[in-house]
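Residues in the sequence shown are numbered from 277 upward in steps of one, following the numbering used here.
All residues carry an ideal CB built from backbone N, CA and C; glycine is no exception.
Heads up, the thing below is written out as structure tokens.
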Amino acid sequence: MKDVMGGTEGEARRLVVTGAGSGIGRATAVAAASLGWDVIGLDLTAGEGGSGAPVTFPCDITDERSVHDAFEWIDTAWEGRAPHALVHCAGVYRFKPATETTAAEWDSVVNINARGSLLVSAAAARRMTGAEGGSVVLLSSIAAVRGDAAEPSAAYSASKGAVVSLARQLAVEWGPSGVRVNVVAPGVIDTPMTTVSGTPEVFEEVLRRIPARRLGTAEEVARVCLFLASEQSAYVSGTVISVDGGQSAS
Ligand SMILES: NC(=O)c1ccc[n+]([C@@H]2O[C@H](COP(=O)([O-])OP(=O)(O)OC[C@H]3O[C@@H](n4cnc5c(N)ncnc54)[C@H](O)[C@@H]3O)[C@@H](O)[C@H]2O)c1
């Protein structure tokens with residue numbers, strides 16, 4: 277028998293969050309823990325850190341061995357029980373004119389955002405299939421569907437478009453095994469990632485493009501991630517939910 281948040285009655289829902297040391301990942305891990313979920317956070321460095329980050333194990337998502345070791349550690353921590361859900365928030369944002377972007381810069385961004393999504397999702401899904409099934413939530417971006425003149429970001433935009441295509445494929449591939457795959461596509465969210473590019477001129481231009489006329493918060497994105505990670509969304513798979521204050525509609 278399942279409770280409303282999807283764990284078997286009497287046991288906490290088990291959630292793996294990547295990028296748990298900062299921003300949206302951190303907010304997701306904190307919100308899930310406050311719901312009583314059993315949360316394991318992954319990020320480049322583990323520990324409480326200066327931000328009080330709920331990271332329990334170090335993992336470089338671009339590195340197959342590192343992802344393998346992290347999930348082996350998770351197997352031990354949860355005594356062989358599979359995660360119910362993965363919310364994959366680890367990622368990087370870089371912007372630079374396309375004509376100046378080097379192959380190495382492209383590879384770095386695409387490897388972290390796209391290859392990392394495959395490696396982490398596959399590690400989770402291998403455990404979910406044959407267990408109770410599960411839910412995988414990947415993070416794309418408004419950059420997947422809107423070009424940006426102020427902050428040209430060819431590699432980032434392409435990497436986030438790849439995340440959407442990847443999620444659709446995985447939803448079809450893993451659906452028969454009970455694994456759902458969905459995407460959250462944030463607009464401009466107030467996290468450490470955004471302050472990297474926060475000059476006053478850019479900020480004014482950014483606000484003009486958002487119908488809500490404000491940035492989103494990491495908590496607002498986290499709530500949607502947890503909806504998709506929970507059994508509240510049991511019949512939702514292969515879809516993209518924008519959390520962007522209406523920006524992608526404008
Ligand atoms: N903040 C925004 O405005 C925004 C907008 C659209 C999409 N997103 C997406 O949401 C996700 C979370 O963004 P955020 O704003 O919380 O960013 P953030 O910079 O606050 O956090 C990202 C986290 O990912 C981790 N990370 C980076 N490379 C890693 C690697 N190789 N292995 C493991 N961890 C790694 C970082 O250490 C960091 O803790 C990202 O995928 C981002 O592209 C964010």
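CA-to-CA distance, residue j to residue i, given in whole angstroms
i: E376; j: L502; result: 38 Å
i: A488; j: E496; result: 13 Å
i: A505; j: W354; result: 18 Å
i: R456; j: A380; result: 33 Å
i: D383; j: S435; result: 10 Å
i: A494; j: R302; result: 8 Å
i: S453; j: R402; result: 10 Å
i: S524; j: T321; result: 33 Å
i: G323; j: N389; result: 23 Å
i: G356; j: A346; result: 13 Å
i: G410; j: Q508; result: 12 Å
i: V516; j: R484; result: 24 Å
i: R341; j: F333; result: 14 Å
i: S310; j: A420; result: 31 Å
i: E449; j: D336; result: 25 Å
i: R499; j: G299; result: 13 Å
i: G514; j: G451; result: 9 Å
i: G317; j: D339; result: 17 Å
i: S526; j: R422; result: 10 Å
i: Y511; j: A447; result: 12 Å
Residue i vs residue j beta-carbon contact at 8 Å
i: V264; j: V413; result: Because the chain is modelled from 277 through 526, residue 264 falls outside the range shown and cannot be assessed.
i: I418; j: G463; result: yes
i: D314; j: A366; result: no
i: V292; j: I350; result: yes
i: M404; j: P359; result: yes
i: G312; j: A296; result: no
i: G521; j: R490; result: yes
i: T304; j: H364; result: no
i: V343; j: A407; result: no
Enclosing beta strand (DSSP E) for residue i [first to last residue]
i: L414; result: 410 to 415
i: G299; result: Not the beta strand (DSSP E): G299 falls in the alpha helix (DSSP H), residues 299 to 310.
i: S518; result: 516 to 519
i: R290; result: 290 to 294
i: A461; result: 455 to 462
i: L318; result: 314 to 319
Enclosing alpha helix (DSSP H) for residue i [first to last residue]
i: G437; result: 430 to 450
inquiry  = List, from N- to C-terminal side, the alpha helix (DSSP H) runs of 4 residues or more that fit wholly inside the stretch 477 to 506.
reply    = For the stretch 477 to 506, the continuous alpha helix (DSSP H) assignments of 4+ residues that do not extend past its boundaries occur at 494 to 505, in sequence order.
message = Across the stretch 423 to 434 and the stretch 359 to 377, are there enough close Cβ pairs to call them in contact, namely three or more that are closer than 8 Å?
response = The stretch 423 to 434 makes contact with the stretch 359 to 377, as at least three CB pairs between them are under 8 Å.
message = Check whether the stretch 437 to 446 and the stretch 386 to 404 are in contact - that is, three or more C-beta pairs closer than 8 Å.
response = At 8 Å Cβ cutoff, the stretches touch.
inquiry  = Could you tell me which whole beta strand (DSSP E) segments of length 3 or greater appear in the stretch 337 to 423?
reply    = Annotation: the stretch 337 to 423 contains the following complete segments of the beta strand (DSSP E) (minimum length 3 residues), in chain order: 361 to 364, 410 to 415.
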